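*Asks:* The sequence shown begins at 3 in the working numbering and counts up one residue at a time.
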Amino acid sequence: MTTEHTAATPLRTRTHTWRQRPEPTPDLLGMSGLDILQAALKGTLPAASMTSTLGFRLTEVAEGRVVFEGDPGDHLLNPMGTVHGGFLATLLDSALGSAVMTRLPAGTTYTTVQLGVHMIRPVLADTPALSCEGTALHVGRTTATAEARVVGTHDGKLYAHGTTTCVVLRP
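1. Can you tell which of D128, G158, T147 and A41 has the C-alpha that lies nearest to the C-alpha of T113?
2. I want to know whether the segment 132-139 touches the segment 98-108 - three or more CB-CB distances under 8 Å.
3. Roughly how many angstroms separate the alpha carbons of G118 and S54, rounded to a whole number?
4. Under a three-way DSSP split, which group does S133 fall into?
5. If you count every other CB in all the chains shown that lies within 10 Å of the CB of P107, and 16 or more means buried, which is it?
6. Where does A50 sit, in a helix, a strand or coil, going by DSSP?
7. Where does T55 fall in DSSP's three states?
8. With a CB to CB cut of under 8 Å and the five nearest residues on each side skipped, what residues in its chain are close to E71?
9. On the three-state DSSP scale, how would you describe L78?
10. I'd like to confirm the pairing. Which residues does DSSP put opposite L60 in its beta bridges?
11. Could you name the residues of the same chain whose beta carbon sits closer than 8 Å to that of L56, not counting the 5 residues immediately before and after it, in chain order?
12. At the level of alpha carbons, what is the spacing between D76 and V125?
13. What is the rounded straight-line gap between the Cα of H86 and the Cα of M33?
14. Where do the ends of the alpha helix (DSSP H) carrying M103 lie?
15. Can you check which of these residues, Q22, P28 and T17, is closest to A50 by C-alpha distance?
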């Protein structure tokens, strides 16, 4: 069975824009993770391009702590009619990794090696904005861990929470 697009079910489009990631100049390589994220928050460095793809943004940055806000919508629905869990997982992964990043010195990077996600309640197309706060728990020489929670900005209810283990990549 096929479904035709009619006036009752019109096609929809979504457009997003982003700024290209800058080349790794000596100035950029000399910035700590906290400095890079603070510059992204101020707009002097571009935000990660995937944030515009999925509709979320960095709203707060401090040492060991970050907050992202995300906007669910019908462009993120799975076949069951709820927002795909990948949206929540990506929001969590971004907050978790960025919280770790705020504690890394210049020239040091990280990557996620383990991501644990617990989805507590469904997110619907009309769910208002969600806030995801990530906190670094441990940042050592070779590994780092963090935890994060996704809550409704409108109701304070917990929608998901997660943890990460990252490998720290030193120069």
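Backbone N, C-alpha and C fix where the C-beta goes; we use that ideal spot for every residue, glycine too. For clarity, every value in this text was computed on a predicted model and none was experimentally measured.
*Replies:* So, from the data block:
1. When only C-alpha atoms are compared, the closest one is T147.
2. As far as the Cβ criterion goes, the segment 132-139 touches the segment 98-108, which means the pair count is three or higher.
3. C-alpha of G118 to C-alpha of S54: approximately 24 Å in a straight line.
4. Looking at S133 - three-state DSSP - the assignment turns out to be strand.
5. Within 10 angstroms of the beta-carbon of P107 lie fewer than 16 other beta-carbons, which makes it exposed.
6. Three-state DSSP puts A50 in coil, outside helix and strand.
7. In the three-state DSSP reduction, T55 falls in the helix class (H, G or I).
8. Cβ neighbours of E71 beyond the five flanking positions: F58, R59, T61, A131, L132, S133, C134 and T155.
9. Shown here, L78 sits in a helix according to DSSP, grouped into three states.
10. Answer is F70, bridged to L60.
11. So the list reads G72, L78, F89, T92 and L93, once near-sequence residues are dropped.
12. In this model, D76 and V125 are separated by some 11 Å (Cα to Cα).
13. When rounded, the distance between both Cα atoms is 35 Å.
14. Going by DSSP, M103 is part of the alpha helix (DSSP H) stretching over G87 to M103.
15. That would be Q22, whose Cα lies nearest to the Cα of A50.
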